[in-house]
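Colleague: Dumping the structure here so I can ask a few things about it.
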Amino acid sequence: CSRSRPVAMTDKIKLCQQFGIEIDESDWPVTGIPDAILADRGELLGCQIESLEKSFSTRIENTPPFRGDCKGIVERFFRTIQAVFKPFAPGVVSGTTIKKRGGKDYRLDAMLNIHEFTSIILSAILFHNRYHVLETYDRDIDMPADLPMTPLSLWNWGLQHRSGRLRMVPEDALRVSLLPRTQATISPLGLRVFGVYYTCQEILKMGWLHRGKDVSKPESVEVAYDPSVADMVYLLPRKNSAEYWVCGLTERSREFRGCSFWDVWLITKQQKVVVAEGKLVADREKRRVDELIDSKIKQAKAQVKAEGSSEASDRQRIAAIRGNRAKAKDEERKRAEPVTTSEPSTVPATVIPLSPGTDDYKYPDYIDELFKDD
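Position one of the sequence shown corresponds to residue 37 (my numbering), numbered consecutively onward.
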């Protein structure tokens, strides 16, 4: 729903172009937000719709419980649109009785991807709006007899003679206002949302990432997010306002670039399991190390006790520390001596001079050349 509502209120030309369908404004003239929206009680109850009401002055009306007939044309359209492609599309849901009786699983016949399926739905909607004849439509008394009973013709006639003018609003602001929301916390690493860190220029200017006590920053803020894109979130600095700050991923969370929030939730869940398993192994090995340290200390104490306590005074024992240290170093040095060959090599090595010869700046001697016999 967070994606379908913005699509219903924004430009359809751009939407169709994404799926290779060329239309003009007259083919789908539905761009903007209405004065009121009618829906089931469970569909438009939430903070997103409250934001739409307060930011864009749209009235939300909900039907009574279990009264789908109050908007029957919408309920019926689900079956209407499916009737266009069901006879042709492979993998269509055919019910559970076939599977229970050992029939073929319809999921094995699926061949369409999301992009192809969406283009089919858009084509079906365009066909329905432009060419589907509403034979049983209840005409008003002032409707002309030659008015085609197609959804598009009735829509255009109603805008001129009834009501329903749509109000244009910024597309990005509308989309952000309809996104799901959650609470985020501020830390020195950035804005933390579902364990992922974000930042933006506004946060840096406000100094919210500083640890100083003199910095005034909120403990938590509200953010809007698109579940299909985890690369950015939208921080809402003030309540009941259309203002938002676009926050991008920090380097700390670079592993989530190009992911959706469904991917983020799955990855973080797997990471928590790995961390928990690692802690169990670390605790077990830590106990082994503690036992080893304890046994070594007990062994050293027993050895000192077996040798008997020294009769030397504390001053004498302290004075002997330097000698004992030198003795221990000498023993350690002997153990770490490098391995050498038993007999040195008798073959002389070729000596290569490292410095070049000195330059001679005397005049050249041509005497031998002059008196040389031809």
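In this text, a Cβ means the ideal position worked out from N, Cα and C, and glycines have one as well.
Answer yes or no: do Gly284 and Cys236 have a C-beta to C-beta separation smaller than 8 Å?
Modeller: Reading the sequence shown from its first residue, position 248 is the one you call residue 284. Reading the sequence shown from its first residue, position 200 is the one you call residue 236. Their beta carbons are under 8 Å apart, which means Gly284 touches Cys236 by this criterion.
Colleague: Residues bridged to Glu97 by DSSP?
Modeller: Translated into the one-based positions of the sequence shown, residue 97 becomes position 61. Answer is Leu74, bridged to Glu97.
Colleague: Where does Met147 sit, in a helix, a strand or coil, going by DSSP?
Modeller: One-based indexing of the sequence shown puts residue 147 at position 111. Note: Met147 maps to coil in three-state DSSP.
Colleague: Report the option in Val269, Asp250 and Leu162 whose CA atom is closest to the CA atom of Arg211.
Modeller: Within the sequence shown, residue 211 is the residue found at index 175, counting from 1. When each option's Cα is compared against that of Arg211, the closest is Val269.
Colleague: For the segment 194 to 276, list the beta strand (DSSP E) runs that are entirely contained and at least 3 residues long, ordered along the chain.
Modeller: The qualifying runs are 217 to 223, 226 to 229, 232 to 235, 256 to 262 and 265 to 272.
Colleague: On the three-pair Cβ rule with 8 Å, is the segment 222 to 237 touching the segment 258 to 278?
Modeller: yes
Colleague: Are the segment 167 to 177 and the segment 41 to 49 touching by the rule of at least three beta carbon pairs closer than 8 Å?
Modeller: no
Colleague: Can you tell me where the alpha helix (DSSP H) holding Cys52 begins and where it ends?
Modeller: Against the sequence shown, residue 52 aligns to sequence position 16. Per DSSP, Cys52 belongs to the alpha helix (DSSP H) from Lys48 to Gln53.
Colleague: What would DSSP say about Trp301, mapped onto helix, strand or coil?
Modeller: If you number the sequence shown from 1, residue 301 lands on position 265. Residue state, collapsed to three classes: helix.
Colleague: Would you kindly work out how many angstroms separate the C-alpha atoms of Pro216 and Asn165, rounded to a whole number?
Modeller: Position 180 of the sequence shown, counted from the first residue, corresponds to residue 216. Position 129 of the sequence shown, counted from the first residue, corresponds to residue 165. Their backbone Cα atoms lie some 30 Å apart in a straight line.
Colleague: What number of angstroms, rounded off, separates the C-alpha of Phe153 from the C-alpha of Ile117?
Modeller: Within the sequence shown, the letter at position 117 stands for residue 153. Within the sequence shown, the letter at position 81 stands for residue 117. Going by the C-alpha atoms only, they are around 12 Å apart.
Colleague: Relative to the alpha-carbon of Ser213, which residue among Glu258, Asp299, Ile222 and Ser155 has its alpha-carbon at the smallest distance?
Modeller: Within the sequence shown, the letter at position 177 stands for residue 213. It is Glu258.
Colleague: Going by beta carbon distance, what residues of the same chain come within less than 8 Å of Ser331, once the five residues before and after it are set aside?
Modeller: Locating residue 331 in the sequence shown gives position 295, counting from the first residue. Cβ contact annotation for Ser331 (same chain, cutoff 8 Å, sequence separation greater than five): none.
Colleague: Taking C-beta to C-beta, are Gln219 and Ser256 nearer than 8 Å?
Modeller: Within the sequence shown, the letter at position 183 stands for residue 219. Within the sequence shown, the letter at position 220 stands for residue 256. In contact: Gln219 and Ser256 (Cβ atoms closer than 8 Å).
Colleague: If I measure Cβ to Cβ from Leu183 and keep anything under 7 Å in the same chain, skipping five residues before and after, which residues do I get?
Modeller: The sequence position of residue 183 within the sequence shown is 147, counting from 1. Only Ser189 and Trp193 meet the Cβ criterion.
Colleague: From the DSSP secondary-structure annotation, give me the bridge partner or partners of Leu285.
Modeller: The residue you call residue 285 lines up with position 249 of the sequence shown. Answer by DSSP bridge pairing, in chain order: Tyr234.
Colleague: Compare the C-alpha of Pro206 against each of Lys241, Arg324, Glu279 and Ala312 and name the closest.
Modeller: Here residue 206 corresponds to residue number 170 of the sequence shown, with the count starting at 1. Answer by Cα proximity: Glu279.
Colleague: Could you give the first and the last residue of the continuous alpha helix (DSSP H) run that contains Lys370?
Modeller: Within the sequence shown, numbered from 1, the residue matching residue 370 stands at position 334. DSSP places Lys370 in the uninterrupted alpha helix (DSSP H) bounded by Ile357 to Arg371.
Colleague: To the nearest angstrom, how far is it from the Cα of Thr156 to the Cα of Ser93?
Modeller: Counted from its first residue, the sequence shown places residue 156 at position 120. Counted from its first residue, the sequence shown places residue 93 at position 57. It should be pointed out that residue 156 corresponds to Ile in this sequence rather than to Thr. If you take the alpha carbons of Ile156 and Ser93, they lie about 34 Å apart.
Colleague: Please report the straight-line C-alpha distance between Gly243 and Ser289, rounded to a whole angstrom.
Modeller: The sequence position of residue 243 within the sequence shown is 207, counting from 1. The sequence position of residue 289 within the sequence shown is 253, counting from 1. So the two alpha carbons sit approximately 20 Å from each other.
Colleague: For Ile59 and Leu162, which I take to be in contact (beta-carbon distance under 8 Å), what is that distance rounded to the nearest angstrom?
Modeller: Position 23 of the sequence shown, counted from the start, is the residue given in the question as residue 59. Position 126 of the sequence shown, counted from the start, is the residue given in the question as residue 162. 7 Å between Cβ atoms; contact.
Colleague: Hey, could you find the ends of the alpha helix (DSSP H) Asp43 is sitting in?
Modeller: On the sequence shown, position 7 is the one that residue 43 refers to. One point to set straight first is that residue 43 is Val, not Asp, in the sequence displayed. Note, Val43: alpha helix (DSSP H), Ser40 to Met45.
Colleague: Among Pro70, His151, Arg351 and Lys249, which residue has its Cα nearest to the Cα of Pro224?
Modeller: Against the sequence shown, residue 224 aligns to sequence position 188. Ranking Pro70, His151, Arg351 and Lys249 by Cα distance to Pro224 puts Lys249 first.
Colleague: If distances are taken between C-alpha atoms only, which option among Gly200, Leu88, Arg274 and Pro180 comes closest to Thr67?
Modeller: One-based indexing of the sequence shown puts residue 67 at position 31. Looking at the Cα atoms, Gly200 is the closest of the given residues.
Colleague: Given that a residue counts as buried once 16 or more other Cβ atoms are within 10 Å of its Cβ, and exposed if not, what is Ile69?
Modeller: Within the sequence shown, the letter at position 33 stands for residue 69. Classification of Ile69: buried, given that the 10 Å Cβ count is 16 or more.
Colleague: Does Ile117 come out as helix, strand or coil in the three-state DSSP assignment?
Modeller: Within the sequence shown, the letter at position 81 stands for residue 117. In this structure, Ile117 counts as helix in the three-state DSSP scheme.
Colleague: Who are the Cβ neighbours of Asp178 in its own chain at under 8 Å, not counting the five residues just before and after it?
Modeller: Walking along the sequence shown from the start, residue 178 turns up at place 142. Within the same chain, Asp178 has close Cβ partners His197.
Colleague: Can you give the Cα-Cα distance for Thr186 and Met147, rounded to whole angstroms?
Modeller: Translated into positions along the sequence shown, residue 186 becomes position 150. Translated into positions along the sequence shown, residue 147 becomes position 111. Straight-line Cα distance between these residues: approximately 32 Å.
Colleague: Go ahead and label Trp11 buried or exposed: buried means 16 or more other beta carbons lie within 10 angstroms of its beta carbon, across all protein chains shown.
Modeller: Residue numbering for the chain in the displayed model covers 37 to 410; residue 11 lies beyond these limits and cannot be assessed.
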